[in-house]
(Lines of atoms letter the chains of each structure in order from A and count residues from 1; the text may use other names and numbers.)
(Lines give C-alpha, C1' and ligand atoms only; values in the text may rest on other atoms or scores of the structure.)
Protein backbone atom coordinates (compact mmCIF):
# COMPACT_ATOMS: atom_id res chain seq x y z
CA UNK A 1 0.00 0.00 0.00
CA UNK A 2 2.86 2.39 0.79
CA UNK A 3 4.46 1.78 -2.61
CA UNK A 4 1.11 2.42 -4.37
CA UNK A 5 0.65 5.67 -2.41
CA UNK A 6 4.19 6.81 -3.25
CA UNK A 7 3.70 6.00 -6.94
CA UNK A 8 0.43 7.95 -6.96
CA UNK A 9 2.02 10.99 -5.25
CA UNK A 10 4.91 11.03 -7.73
CA UNK A 11 2.45 10.86 -10.63
CA UNK A 12 0.43 13.68 -9.06
CA UNK A 13 3.55 15.86 -8.82
CA UNK A 14 4.38 15.25 -12.48
CA UNK A 15 0.85 16.10 -13.62
CA UNK A 16 0.47 19.25 -11.55
CA UNK A 17 3.57 20.83 -13.06
CA UNK A 18 1.21 22.27 -15.69
CA UNK A 19 0.50 24.78 -12.91
CA UNK A 20 4.14 25.90 -13.10
CA UNK A 21 3.53 26.74 -16.76
CA UNK A 22 0.57 28.88 -15.70
CA UNK A 23 2.74 30.75 -13.23
CA UNK A 24 5.42 31.40 -15.86
CA UNK A 25 2.79 32.67 -18.28
CA UNK A 26 1.48 35.16 -15.70
CA UNK A 27 4.87 36.37 -14.46
CA UNK A 28 6.69 36.93 -17.74
CA UNK A 29 5.97 38.11 -21.26
CA UNK A 30 8.97 36.30 -22.72
CA UNK A 31 10.02 32.65 -22.73
CA UNK A 32 13.61 31.90 -21.72
CA UNK A 33 14.13 29.91 -24.91
CA UNK A 34 17.68 28.70 -24.25
CA UNK A 35 16.83 27.41 -20.80
CA UNK A 36 13.71 25.70 -22.09
CA UNK A 37 15.66 24.17 -24.97
CA UNK A 38 18.22 22.61 -22.63
CA UNK A 39 15.49 21.50 -20.20
CA UNK A 40 13.41 19.77 -22.86
CA UNK A 41 16.51 18.11 -24.32
CA UNK A 42 17.42 16.98 -20.79
CA UNK A 43 13.95 15.47 -20.34
CA UNK A 44 14.29 13.59 -23.63
CA UNK A 45 17.68 12.23 -22.57
CA UNK A 46 16.32 10.96 -19.25
CA UNK A 47 13.28 9.34 -20.85
CA UNK A 48 15.10 7.70 -23.78
CA UNK A 49 17.91 6.34 -21.62
CA UNK A 50 15.71 4.94 -18.86
CA UNK A 51 13.27 3.47 -21.39
CA UNK A 52 15.89 1.62 -23.41
CA UNK A 53 18.34 0.67 -20.67
CA UNK A 54 16.07 0.00 -17.71
CA UNK A 55 12.36 -0.27 -18.47
CA UNK A 56 12.61 -2.26 -21.72
CA UNK A 57 15.06 -4.71 -20.10
CA UNK A 58 12.83 -5.23 -17.03
CA UNK A 59 9.85 -5.87 -19.30
CA UNK A 60 11.92 -8.35 -21.30
CA UNK A 61 13.07 -10.16 -18.15
CA UNK A 62 9.49 -10.39 -16.86
CA UNK A 63 8.10 -11.74 -20.15
CA UNK A 64 10.92 -14.18 -20.99
CA UNK A 65 10.85 -15.68 -17.48
CA UNK A 66 7.16 -16.52 -17.94
CA UNK A 67 6.79 -17.17 -21.69
CA UNK A 68 10.24 -18.41 -22.64
CA UNK A 69 13.02 -16.54 -24.41
CA UNK A 70 11.69 -16.49 -27.97
CA UNK A 71 8.04 -15.68 -27.25
CA UNK A 72 8.96 -13.29 -24.43
CA UNK A 73 11.28 -11.29 -26.69
CA UNK A 74 8.65 -11.07 -29.43
CA UNK A 75 5.96 -9.88 -26.99
CA UNK A 76 8.38 -7.32 -25.52
CA UNK A 77 9.13 -5.81 -28.93
CA UNK A 78 5.47 -5.83 -30.01
CA UNK A 79 4.41 -4.17 -26.75
CA UNK A 80 7.15 -1.55 -27.11
CA UNK A 81 5.96 -0.52 -30.58
CA UNK A 82 2.35 -0.90 -29.43
CA UNK A 83 2.98 1.84 -26.85
CA UNK A 84 4.32 4.05 -29.63
CA UNK A 85 1.27 3.31 -31.79
CA UNK A 86 -1.12 4.19 -28.94
CA UNK A 87 0.39 7.63 -28.33
CA UNK A 88 0.69 8.26 -32.09
CA UNK A 89 -3.03 7.53 -32.55
CA UNK A 90 -3.90 9.94 -29.75
CA UNK A 91 -1.77 12.58 -31.51
CA UNK A 92 -3.59 11.95 -34.78
CA UNK A 93 -6.99 12.49 -33.17
CA UNK A 94 -6.03 15.91 -31.80
CA UNK A 95 -5.99 18.95 -34.17
CA UNK A 96 -2.53 20.51 -34.40
CA UNK A 97 -3.74 23.82 -32.94
CA UNK A 98 -4.72 22.10 -29.69
CA UNK A 99 -2.04 19.41 -29.78
CA UNK A 100 0.19 19.64 -26.68
CA UNK A 101 3.07 18.33 -28.80
CA UNK A 102 3.08 21.48 -30.95
CA UNK A 103 5.69 24.05 -29.92
CA UNK A 104 4.21 26.99 -27.99
CA UNK A 105 5.69 29.87 -26.06
CA UNK A 106 4.36 32.75 -23.95
CA UNK A 107 4.87 35.22 -26.81
CA UNK A 108 3.03 33.06 -29.35
CA UNK A 109 0.13 32.36 -27.02
CA UNK A 110 -0.17 36.08 -26.21
CA UNK A 111 -0.66 36.80 -29.92
CA UNK A 112 -3.51 34.34 -30.40
CA UNK A 113 -6.58 35.93 -32.02
CA UNK A 114 -10.32 35.37 -31.37
CA UNK A 115 -12.07 32.43 -29.74
CA UNK A 116 -9.43 32.36 -27.00
CA UNK A 117 -11.66 30.70 -24.44
CA UNK A 118 -12.62 27.92 -26.83
CA UNK A 119 -8.97 27.43 -27.77
CA UNK A 120 -7.85 27.24 -24.14
CA UNK A 121 -10.58 24.77 -23.18
CA UNK A 122 -9.86 22.53 -26.19
CA UNK A 123 -6.14 22.65 -25.41
CA UNK A 124 -6.87 21.67 -21.80
CA UNK A 125 -8.98 18.74 -23.02
CA UNK A 126 -6.26 17.65 -25.49
CA UNK A 127 -3.60 17.77 -22.78
CA UNK A 128 -5.83 15.82 -20.39
CA UNK A 129 -6.30 13.13 -23.06
CA UNK A 130 -2.57 13.01 -23.65
CA UNK A 131 -1.67 12.93 -19.97
CA UNK A 132 -3.82 9.85 -19.33
CA UNK A 133 -1.35 7.26 -20.76
CA UNK A 134 1.58 9.33 -19.47
CA UNK A 135 0.12 9.04 -15.98
CA UNK A 136 -0.11 5.27 -16.25
CA UNK A 137 3.49 5.18 -17.53
CA UNK A 138 4.76 7.23 -14.58
CA UNK A 139 2.72 5.24 -12.08
CA UNK A 140 3.88 1.82 -13.28
CA UNK A 141 7.51 3.00 -13.31
CA UNK A 142 7.21 4.35 -9.76
CA UNK A 143 5.52 1.19 -8.55
CA UNK A 144 8.30 -0.99 -9.94
CA UNK A 145 11.26 1.14 -8.81
CA UNK A 146 10.86 4.55 -7.09
CA UNK A 147 14.57 5.25 -7.63
CA UNK A 148 14.08 5.02 -11.39
CA UNK A 149 10.76 6.85 -11.26
CA UNK A 150 12.02 10.07 -9.65
CA UNK A 151 14.09 11.20 -12.68
CA UNK A 152 11.19 10.18 -14.96
CA UNK A 153 8.81 12.30 -12.87
CA UNK A 154 11.20 15.26 -13.18
CA UNK A 155 11.43 14.76 -16.96
CA UNK A 156 7.65 14.58 -17.42
CA UNK A 157 7.18 17.57 -15.11
CA UNK A 158 9.53 19.66 -17.28
CA UNK A 159 7.71 18.74 -20.46
CA UNK A 160 4.34 19.58 -18.86
CA UNK A 161 5.38 23.20 -18.22
CA UNK A 162 4.86 24.45 -21.82
CA UNK A 163 1.52 22.65 -21.81
CA UNK A 164 0.46 24.75 -18.83
CA UNK A 165 1.37 27.89 -20.78
CA UNK A 166 -0.70 26.71 -23.76
CA UNK A 167 -3.81 26.31 -21.59
CA UNK A 168 -3.59 29.30 -19.26
CA UNK A 169 -2.66 32.20 -21.56
CA UNK A 170 -5.64 31.98 -23.98
CA UNK A 171 -8.10 31.51 -21.10
CA UNK A 172 -6.57 34.41 -19.15
CA UNK A 173 -6.84 36.77 -22.12
CA UNK A 174 -10.39 35.61 -22.82
CA UNK A 175 -11.68 36.01 -19.26
CA UNK A 176 -9.21 38.35 -17.53
CA UNK A 177 -9.17 35.86 -14.64
CA UNK A 178 -5.87 34.37 -13.50
CA UNK A 179 -7.77 32.05 -11.17
CA UNK A 180 -9.89 30.61 -13.99
CA UNK A 181 -6.84 30.21 -16.24
CA UNK A 182 -4.89 28.46 -13.49
CA UNK A 183 -7.87 26.21 -12.69
CA UNK A 184 -8.14 24.89 -16.25
CA UNK A 185 -4.39 24.37 -16.45
CA UNK A 186 -4.40 22.63 -13.06
CA UNK A 187 -7.29 20.34 -14.02
CA UNK A 188 -5.66 19.29 -17.31
CA UNK A 189 -2.64 18.13 -15.29
CA UNK A 190 -4.85 16.07 -12.97
CA UNK A 191 -5.47 13.68 -15.87
CA UNK A 192 -2.07 12.12 -15.14
CA UNK A 193 -2.85 10.84 -11.63
CA UNK A 194 -6.40 9.97 -12.76
CA UNK A 195 -4.93 7.94 -15.64
CA UNK A 196 -2.65 6.20 -13.18
CA UNK A 197 -5.49 5.40 -10.78
CA UNK A 198 -7.99 4.22 -13.39
CA UNK A 199 -5.37 2.16 -15.23
CA UNK A 200 -4.20 0.51 -12.06
CA UNK A 201 -7.71 -0.27 -10.78
CA UNK A 202 -8.66 -1.82 -14.13
CA UNK A 203 -5.47 -3.86 -14.44
CA UNK A 204 -4.86 -4.80 -10.78
CA UNK A 205 -7.19 -7.87 -10.72
CA UNK A 206 -5.38 -9.33 -13.77
CA UNK A 207 -1.83 -8.35 -12.83
CA UNK A 208 0.82 -11.03 -13.34
CA UNK A 209 4.32 -11.17 -14.84
CA UNK A 210 3.01 -11.20 -18.42
CA UNK A 211 0.62 -8.25 -17.99
CA UNK A 212 3.27 -6.32 -16.09
CA UNK A 213 5.86 -6.99 -18.81
CA UNK A 214 3.47 -5.89 -21.58
CA UNK A 215 2.61 -2.66 -19.72
CA UNK A 216 6.23 -1.91 -18.92
CA UNK A 217 7.35 -2.42 -22.52
CA UNK A 218 4.44 -0.24 -23.68
CA UNK A 219 5.50 2.44 -21.18
CA UNK A 220 9.00 2.40 -22.70
CA UNK A 221 7.51 2.85 -26.17
CA UNK A 222 5.29 5.74 -25.04
CA UNK A 223 8.22 7.60 -23.45
CA UNK A 224 10.55 7.10 -26.44
CA UNK A 225 7.83 8.35 -28.81
CA UNK A 226 7.18 11.43 -26.65
CA UNK A 227 10.90 12.16 -26.59
CA UNK A 228 11.36 11.93 -30.37
CA UNK A 229 8.02 13.40 -31.42
CA UNK A 230 7.70 16.18 -28.85
CA UNK A 231 10.66 16.93 -26.64
CA UNK A 232 13.55 16.98 -29.11
CA UNK A 233 11.71 18.90 -31.89
CA UNK A 234 10.44 21.40 -29.27
CA UNK A 235 13.93 21.75 -27.79
CA UNK A 236 15.33 22.59 -31.23
CA UNK A 237 12.53 25.07 -31.94
CA UNK A 238 12.98 26.88 -28.65
CA UNK A 239 16.76 27.23 -28.93
CA UNK A 240 19.88 26.33 -30.86
CA UNK A 241 20.41 22.84 -32.23
CA UNK A 242 23.49 22.22 -30.07
CA UNK A 243 21.71 23.28 -26.87
CA UNK A 244 19.07 20.58 -27.31
CA UNK A 245 21.77 17.95 -27.91
CA UNK A 246 23.77 19.11 -24.88
CA UNK A 247 20.59 18.80 -22.82
CA UNK A 248 19.91 15.34 -24.28
CA UNK A 249 23.40 14.05 -23.41
CA UNK A 250 23.23 15.61 -19.93
CA UNK A 251 19.90 13.91 -19.29
CA UNK A 252 21.31 10.55 -20.35
CA UNK A 253 24.40 11.04 -18.17
CA UNK A 254 22.37 11.99 -15.09
CA UNK A 255 20.04 9.03 -15.62
CA UNK A 256 22.99 6.64 -16.08
CA UNK A 257 24.70 7.84 -12.89
CA UNK A 258 21.46 7.69 -10.88
CA UNK A 259 20.82 4.10 -12.03
CA UNK A 260 24.38 3.11 -11.04
CA UNK A 261 23.95 4.71 -7.62
CA UNK A 262 20.78 2.69 -6.99
CA UNK A 263 22.37 -0.66 -7.97
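Numbering (this note's numbering), first residue to last: 4 to 266.
We put the CB at the ideal spot given by N, CA and C, even for glycine.
Proximity test, Cβ basis, 8 Å: residue i and chain C
i, result
"residue 217", "In the structure shown, chain C does not exist; there is a single protein chain."
Close-in-space but distant-in-sequence residues of the same chain around residue i (CB under 7 Å, 5 per side omitted)
i, result
"residue 183", "174"
"residue 6", "146"
Residue of the options minimising C-alpha distance to residue i
i, options, result
"residue 156", "141, 170, 164, 167", "141"
"residue 234", "45, 9, 176, 20", "45"
"residue 168", "10, 25, 15, 18", "25"
"residue 251", "223, 42, 199", "42"
"residue 89", "17, 73, 170, 223", "223"
"residue 238", "16, 13, 39", "39"
Same chain only: Cβ atoms within 6 Å of residue i, ignoring 5 sequence neighbours per side
i, result
"residue 220", "62, 79, 82, 83"
"residue 65", "212, 215, 216"
"residue 60", "none"
"residue 139", "198, 199, 202"
Residue i in three-state terms, based on DSSP
i, result
"residue 86", "helix"
"residue 20", "coil"
"residue 71", "coil"
Close Cβ partners of residue i (< 8 Å) along its chain, the five nearest in sequence each way excluded
i, result
"residue 154", "49, 53, 257, 258, 261"
"residue 69", "75, 211, 212, 213, 216"
### Task
Write down every uninterrupted run of the alpha helix (DSSP H) in the segment 138-223 whose length is 4 residues or greater and which is fully enclosed by it, in chain order.
149-178, 181-192, 194-206
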